[in-house]
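Visitor:
There are 2 protein chains.
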Amino acid sequence: MIKVTVDHRAEEPPYLQLAGILRARIASGELAPGVMIPSITTLSQEYGVAVSTVRRSLGVLKAEGLIRTRPSWGTFVVPEAERPKN
Amino acid sequence: MIKVTVDHRAEEPPYLQLAGILRARIASGELAPGVMIPSITTLSQEYGVAVSTVRRSLGVLKAEGLIRTRPSWGTFVVPEAERPKN
DNA sequence: TGAAATTTGTGCGTATGTATT
DNA sequence: GAATACATACGCACAAATTTC
Numbered sequence: 845m846i847k848v849t850v851d852h853r854a855e856e857p858p859y860l861q862l863a864g865i866l867r868a869r870i871a872s873g874e875l876a877p878g879v880m881i882p883s884i885t886t887l888s889q890e891y892g893v894a895v896s897t898v899r900r901s902l903g904v905l906k907a908e909g910l911i912r913t914r915p916s917w918g919t920f921v922v923p924e925a926e927r928p929k930n
Numbered sequence: 845m846i847k848v849t850v851d852h853r854a855e856e857p858p859y860l861q862l863a864g865i866l867r868a869r870i871a872s873g874e875l876a877p878g879v880m881i882p883s884i885t886t887l888s889q890e891y892g893v894a895v896s897t898v899r900r901s902l903g904v905l906k907a908e909g910l911i912r913t914r915p916s917w918g919t920f921v922v923p924e925a926e927r928p929k930n
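From first to last, the protein sequence lines are chains A and B. For the first sequence, our numbering puts the final residue at 930, and the numbers step up evenly by one. For the second sequence, our numbering puts the final residue at 930, and the numbers step up evenly by one.
1) Pairs of beta-carbons, one from the stretch 860 to 872 of chain A and one from the stretch 901 to 908 of chain A, closer than 8 Å: are there three or more?
2) Here's the rule: buried if 16 or more other CB atoms are within 10 angstroms of the residue's CB, otherwise exposed. What is Pro928/A?
3) First and last residue of the alpha helix (DSSP H) that includes Val921/A?
4) I need the straight-line Cα distance from Glu890/A to Ser883/A, nearest angstrom please.
5) Hey, would you say Thr885/A sits closer than 7 Å to Pro858/A, going by beta carbons?
6) Take Val922/B as the anchor and find which of Arg869/B, Ser872/B, Ile911/B has the nearest alpha-carbon.
7) Since Arg899/A is in the alpha helix (DSSP H), which residue starts that stretch and which ends it?
8) Relative to the C-alpha of Leu875/A, which candidate in Val895/A, Leu905/A, Ala854/A has its C-alpha closest?
9) Taking its Cβ as the centre, do 16 or more other Cβ atoms sit within 10 Å of Val850/A, making it buried, or is it exposed?
10) Relative to the C-alpha of Gly909/B, which candidate in His852/B, Ser888/B, Val893/B, Arg867/B has its C-alpha closest?
11) Short of 7 Å in beta carbon distance, which residues of its chain neighbour Val895/A, apart from the five on each side in sequence? Order them along the chain.
12) Using 10 angstroms around the beta-carbon of Val893/B, count the other beta-carbons present and answer buried if the total reaches 16, otherwise exposed.
13) Specify the secondary structure class of Pro886/A as computed by DSSP and reduced to three states.
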């Protein structure tokens with residue numbers, strides 16, 4: 845475990861910090877395919893950042909193909925086999 | 845000329861409409877490398893959408909490699925030779 | 001020297017819409 | 001109908017870098 849919180853005073857912007865934290869939680873297997881990712885609102889409260897900041901973090905991971913969001917359903921980890929390489 | 849305004853009542857969200865409009869202006873050569881792209885604030889007023897919406901549109905074009913933003917300087921069209929194909 | 005204006009980057013809060021449960 | 005959850009949009013504020021005067 846390296847980073848577990850968002851530091852608002854660090855140089856790296858919170859949305860990138862949170863993206864990194866979630867990326868690590870996925871890599872570690874804690875957040876795995878089939879496991880429901882905490883809702884945006886929950887993540888917002890957990891990490892003390894705004895909802896829009898969480899959305900931005902998820903946007904990063906979505907662009908990486910790590911997660912997939914289903915409107916009015918939730919956010920999911922993409923199975924490793926389906927992730928774009930690179 | 846096909847689309848020149850953003851329709852808030854259309855199905856396509858404004859940020860995608862604006863991205864399409866700017867993409868067309870680039871494709872037509874009106875916005876070319878070396879020509880200064882209107883600032884986010886200007887685009888916001890021109891098209892009647894919020895600054896944050898313009899930013900989102902530019903984010904789409906940036907992801908496509910069509911434009912490049914330089915903080916405290918402006919936004920530029922990427923020369924065709926330097927654009928990623930596909 | 002330096003102050004003001006400009007421009008992008010980032011963050012927050014709020015509202016509305018739509019789909020699911 | 002109510003609660004939940006994501007999608008989109010808006011407006012505001014501040015920071016940092018650059019340009020201009």
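Ideal Cβ placement from N, Cα and C applies to all residues, glycine included.
Guide: This is what the structure gives:
1) Output reads yes: the stretch 901 to 908 of chain A touches the stretch 860 to 872 of chain A.
2) Counting from one through the first sequence, the residue named residue 928/A turns up at place 84. The residue in question, Pro928/A, is exposed, as its Cβ has fewer than 16 Cβ neighbours within 10 Å.
3) Counted from its first residue, the first sequence places residue 921/A at position 77. Val921/A: not part of any alpha helix (DSSP H); member of the beta strand (DSSP E) spanning 918 to 921, first to last residue.
4) The residue given as residue 890/A occupies position 46 in the first sequence. The residue given as residue 883/A occupies position 39 in the first sequence. The alpha-carbon atoms of Glu890/A and Ser883/A are separated by roughly 10 Å.
5) The residue given as residue 885/A occupies position 41 in the first sequence. The residue given as residue 858/A occupies position 14 in the first sequence. Their beta carbons are not under 7 Å apart, which means Thr885/A does not touch Pro858/A by this criterion.
6) Locating residue 922/B in the second sequence gives position 78, counting from the first residue. Ranked by Cα distance from Val922/B, the options Arg869/B, Ser872/B, Ile911/B are led by Ile911/B.
7) Here residue 899/A refers to the residue found at position 55 of the first sequence. Element bounds for Arg899/A: 895 to 907.
8) Your numbering for residue 875/A matches position 31 in the first sequence. A check of alpha carbon separations from Leu875/A across Val895/A, Leu905/A, Ala854/A identifies Leu905/A as the nearest.
9) By one-based count along the first sequence, residue 850/A stands at place 6. In summary, Val850/A is buried, with 16 or more beta-carbon neighbours lying within 10 Å of its beta-carbon over all protein chains present.
10) The sequence position of residue 909/B within the second sequence is 65, counting from 1. Among His852/B, Ser888/B, Val893/B, Arg867/B, the Cα nearest to that of Gly909/B is on Arg867/B.
11) In the first sequence, counting from the first residue as 1, residue 895/A sits at position 51. Beyond the five residues adjoining it in sequence on each side, Val895/A comes within less than 7 Å, by CB distance, of Ile884, Thr885, Ser888 in the same chain, given in chain order.
12) The residue labelled residue 893/B in the question sits at position 49 within the second sequence. Its Cβ being crowded by 16 or more others within 10 Å, Val893/B is buried.
13) By 1-based counting over the first sequence, the position of residue 886/A is 42. A quick correction: the sequence has Thr, not Pro, at residue 886/A. Here Thr886/A sits in helix by DSSP.
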